[in-house]
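> Right, I'll just put the structure down here and ask away after.
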C-alpha cells in the first residue's frame, strides 16, 4: 500500500470511531456541562453562598495585587496596565451581579462566574432539566450575545 492509502484509511477509521462515539452519547452529557473544579461546601439552604464567596475572594485578591502594583514606584506603563486590570475586574463583578439578578428575577437560584470567554452558571435547587438549561442560556444570550460561551451546570 502506498502512503496516501494508509493515511486515508487511518483518517477514515478515526472519523468513524468519533462519529460512533458522539452518536452513542446521551443527550444529557452533551447539553448540560458539569461543574468545573468548584469545591462547594453547602452551608446555606441553596448552597450558593460558598461559591459566591470563593469567586469574590479570587476577584478581590486579584484587585489587591493590582493595587499593590499601583503603590510601587513602577513605570507608568505598569500602573496603566494595573488600572486597566482593576477596571476589567470591577466590570466583571458588576456583570456577574447583573446576570445573577436577571436570573433570580426569573426564579433561578444560581451563581454566575465570568471568565475571559465563558459565562458559567451554577444552578441550585433545580432538577437537571435540559429545557431549564436552554431557558437560562436564552436569557443570558440576550445580554451576552456572541461575545462569550454560556455554560450551565446543576448542583
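Numbering (the numbering used here), first residue to last: 2 to 156. Glycine included, C-beta positions come from ideal geometry on N, C-alpha and C.
Taking only the alpha-carbon atoms, compute the straight-line gap between residue 129 and residue 153 and give it to the nearest angstrom.
Position 128 of the chain shown, counting from 1, holds the residue named residue 129. Position 152 of the chain shown, counting from 1, holds the residue named residue 153. So the alpha carbons of these two residues sit roughly 10 Å apart.
> Out of curiosity, what's the CA-to-CA distance linking residue 107 and residue 95?
Taking the first residue of the chain shown as position 1, residue 107 is located at position 106. Taking the first residue of the chain shown as position 1, residue 95 is located at position 94. Going from the Cα of residue 107 to the Cα of residue 95 covers about 19 Å.
> Would residue 110 pass as a contact of residue 100 if the rule is Cβ separation under 8 Å?
Counting from one through the chain shown, the residue named residue 110 turns up at place 109. Counting from one through the chain shown, the residue named residue 100 turns up at place 99. No. Outside cutoff.
> From residue 92 to residue 58, what distance separates their C-alpha atoms?
The residue labelled residue 92 in the question sits at position 91 within the chain shown. The residue labelled residue 58 in the question sits at position 57 within the chain shown. If I take the Cα positions, the gap works out to 16 Å.
> What residue range does the alpha helix (DSSP H) around residue 1 cover?
Not covered by the structure: residue 1. The range shown for the chain is 2 to 156.
> Could you check which residue in 137, 115, 136, 123 has the C-alpha nearest to that of residue 149?
In the chain shown, the residue the question calls residue 149 occupies position 148. Comparing Cα positions, the closest option is 115.
> Looking at residue 64: is its Cβ nearer than 8 Å to the Cβ of residue 87?
The sequence position of residue 64 within the chain shown is 63, counting from 1. The sequence position of residue 87 within the chain shown is 86, counting from 1. Yes, the Cβ-Cβ distance between residue 64 and residue 87 is below 8 Å.
> Which residue or residues does DSSP assign as beta-bridge partners of residue 150?
On the chain shown, residue 150 is found 149 positions in, with the first residue counted as 1. 119, per the DSSP bridge assignment.
> May I have the straight-line CA-CA distance separating residue 122 from residue 140, to the nearest angstrom?
As a working mapping, residue 122 is identified with position 121 in the chain shown. As a working mapping, residue 140 is identified with position 139 in the chain shown. Their backbone Cα atoms lie some 12 Å apart in a straight line.
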